[in-house]
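Protein chains in written order, with this note's numbering: chain A, 13 to 160; chain B, 13 to 160; chain C, 13 to 160. Yeah, the Cβ is synthetic: ideal placement off N, Cα and C, and Gly gets one too. These numbers were taken from a predicted model, which means no experiment stands behind them. Remarks on the structure that follows.
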Amino acid sequence: MNPEAKLAELGVDLFDVQPGTGPVQPWVRTGNLLYLSGRVPDSGLKGTVGKDLTTDEAYQAARECAIGHLSVAKSALGDLNKIVRVVKVLGMVNAVAGFEEQPQVINGYSDFIVDVFGDKGRHARSAVGMSSLPHNVPVEVEVILEVE
Amino acid sequence: MNPEAKLAELGVDLFDVQPGTGPVQPWVRTGNLLYLSGRVPDSGLKGTVGKDLTTDEAYQAARECAIGHLSVAKSALGDLNKIVRVVKVLGMVNAVAGFEEQPQVINGYSDFIVDVFGDKGRHARSAVGMSSLPHNVPVEVEVILEVE
Amino acid sequence: MNPEAKLAELGVDLFDVQPGTGPVQPWVRTGNLLYLSGRVPDSGLKGTVGKDLTTDEAYQAARECAIGHLSVAKSALGDLNKIVRVVKVLGMVNAVAGFEEQPQVINGYSDFIVDVFGDKGRHARSAVGMSSLPHNVPVEVEVILEVE
Chain A
13 MNPEAKLAEL
23 GVDLFDVQPG
33 TGPVQPWVRT
43 GNLLYLSGRV
53 PDSGLKGTVG
63 KDLTTDEAYQ
73 AARECAIGHL
83 SVAKSALGDL
93 NKIVRVVKVL
103 GMVNAVAGFE
113 EQPQVINGYS
123 DFIVDVFGDK
133 GRHARSAVGM
143 SSLPHNVPVE
153 VEVILEVE
Chain B
13 MNPEAKLAEL
23 GVDLFDVQPG
33 TGPVQPWVRT
43 GNLLYLSGRV
53 PDSGLKGTVG
63 KDLTTDEAYQ
73 AARECAIGHL
83 SVAKSALGDL
93 NKIVRVVKVL
103 GMVNAVAGFE
113 EQPQVINGYS
123 DFIVDVFGDK
133 GRHARSAVGM
143 SSLPHNVPVE
153 VEVILEVE
Chain C
13 MNPEAKLAEL
23 GVDLFDVQPG
33 TGPVQPWVRT
43 GNLLYLSGRV
53 PDSGLKGTVG
63 KDLTTDEAYQ
73 AARECAIGHL
83 SVAKSALGDL
93 NKIVRVVKVL
103 GMVNAVAGFE
113 EQPQVINGYS
123 DFIVDVFGDK
133 GRHARSAVGM
143 SSLPHNVPVE
153 VEVILEVE
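This is the structure in structure tokens:
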């Protein structure tokens, strides 16, 4: 499976992400691991899940985080075929106390990644609930990639 | 210290964990690191700590997460003696705002790991409070293992 | 940039951190990665951000976490020049629901790290809100370092 071809088939366009000059970078590589900073939805969607937003709306927001991360990875590596394995995802949902559907929300991220990468997209994960996230975004996701 | 012998001495039986076909896997290996997905108690215990459950009850739930993780590691490696070091634990407690005893809760995980592995079970850790966890479980724990 | 000289210039004294005999260690090394346990402010500052403490007060608390982590790293390595790269930071803010300024709080950590290390201090990061932290501290930070 060629992730670049798969994205074209899905009609998803990635965008360029530049490292910038601040303390926080979109990615850092150490050895064969590429650590990507927490990613939030690019649409500007805001709100707390279970109050302002439904699980389905947050699923779409998590999918946006995956597209953002693949944009970062493409900018870092030049070619998504250099990703050997998606290793570990931490999916954080801005949710009301007692919310129970964090996995269903973060599946918006995980399903997209496996659609694009197939078997090497399958990952270890936690999907958990936060009392608040920056700028009141509904979802923030971190990922660690093994790269060539 | 032989972790397999120690588990037998403690009367703890591990169980088989299969990788499955979904996007989320119980473990992913990269180099000599084995990343285990967030683990929740297998007893089905539910509730928020500081409201529905006490710190002592949550300590037992965290111990269950450790048994679950060792079951995953055994399934992944075939032999727990292949674990070189327990590297890093992230212990997440579903707790009321203002809860202060996350370390005491996650000690249920950490104490068990060191009982089984001795010095190589000693780990870096954070133990923190979440506003919600999947299916209202009281504890979820992630771990990174160094393996042969 | 020599981090030890820079700390002297800033008038910041580090302190010795011993590994101890408990299950939880201040650091664990695996390969060229040094995982540091979640660090809280050494001043004993307590409180929830957005209720008891302002963003500016929490910024100072996050700076304390950075000084604590450099003390741990110095104790582990003997010399901060052995740090090749600050790889990944997870900044956790004990905040009221709906709090939006986690990045501004954790900048207290990130700004200090880059002041001391320059380019190799720039890191991947998430900065997120927790419903509770141990002993009601306002901030807890984890870090992964690449070392010689």
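Through-space distance from residue j to residue i, alpha-carbon basis
| i | j | result |
| --- | --- | --- |
| residue 150(B) | residue 52(C) | 23 Å |
| residue 72(A) | residue 120(A) | 6 Å |
| residue 25(A) | residue 19(A) | 7 Å |
| residue 23(B) | residue 32(C) | 29 Å |
| residue 34(B) | residue 118(A) | 13 Å |
| residue 156(C) | residue 44(C) | 10 Å |
| residue 42(A) | residue 96(C) | 9 Å |
| residue 82(A) | residue 90(B) | 34 Å |
| residue 144(C) | residue 93(C) | 35 Å |
| residue 88(C) | residue 37(B) | 34 Å |
| residue 80(B) | residue 27(B) | 8 Å |
| residue 133(C) | residue 123(A) | 34 Å |
| residue 14(C) | residue 160(C) | 15 Å |
| residue 16(B) | residue 128(B) | 8 Å |
| residue 148(A) | residue 139(C) | 12 Å |
| residue 130(A) | residue 46(B) | 20 Å |
| residue 21(C) | residue 86(C) | 17 Å |
| residue 63(B) | residue 78(C) | 33 Å |
| residue 70(B) | residue 54(B) | 13 Å |
Distance between beta carbons of residue j and residue i, contact taken as under 8 Å
| i | j | result |
| --- | --- | --- |
| residue 59(B) | residue 65(B) | 4 Å |
| residue 158(B) | residue 99(B) | 5 Å |
| residue 135(B) | residue 105(B) | No, residue 135(B) and residue 105(B) are not in contact; Cβ-Cβ is about 17 Å, not under 8 Å. |
| residue 29(C) | residue 84(C) | 5 Å |
Candidates the options: closest to residue i by CA position
| i | options | result |
| --- | --- | --- |
| residue 215(B) | 139(B), 125(B), 113(B), 143(B) | Outside the displayed range of chain B (13 to 160) lies residue 215(B), so it cannot be described from this structure. |
| residue 208(A) | 76(A), 109(A), 15(A) | This structure leaves residue 208(A) out entirely; chain A is present only between 13 and 160. |
| residue 108(A) | 54(B), 79(B), 82(B), 142(B) | 142(B) |
| residue 125(B) | 146(B), 154(B), 90(B), 36(B) | 154(B) |
| residue 116(A) | 13(A), 30(A), 48(A), 74(A) | 74(A) |
| residue 110(B) | 15(C), 13(C), 146(C), 17(C) | 146(C) |
| residue 137(C) | 140(A), 152(A), 134(A) | 152(A) |
| residue 103(B) | 21(B), 48(B), 17(B) | 48(B) |
heavy atom of the ligand ATP below 7 Å from residue i C-beta
| i | result |
| --- | --- |
| residue 62(B) | The model on display carries no ligand, and the ligand ATP is accordingly not part of it. |
Contacting positions in the segment 60 to 81 of chain B - beta carbon closer than 9 Å to chain C: 62
Chain-ordered residues of the segment 131 to 160 of chain C with a beta carbon less than 7 Å from chain B: 142, 143, 144, 145, 146, 147, 148, 152, 154
Under 9 Å (Cβ pairs) to chain C, residues found in the segment 90 to 103 of chain B: 96, 97, 98, 99, 100, 101, 102
Members of the segment 108 to 121 of chain C that neighbour chain A once the beta carbon cut-off is set at 8 Å: 108, 109, 110, 111, 112, 113, 114, 115, 119
Contacting positions in the segment 22 to 38 of chain A - beta carbon closer than 7 Å to chain C: 35, 36, 37
Contacting positions in the segment 45 to 58 of chain A - beta carbon closer than 7 Å to chain C: 47, 48, 49, 50
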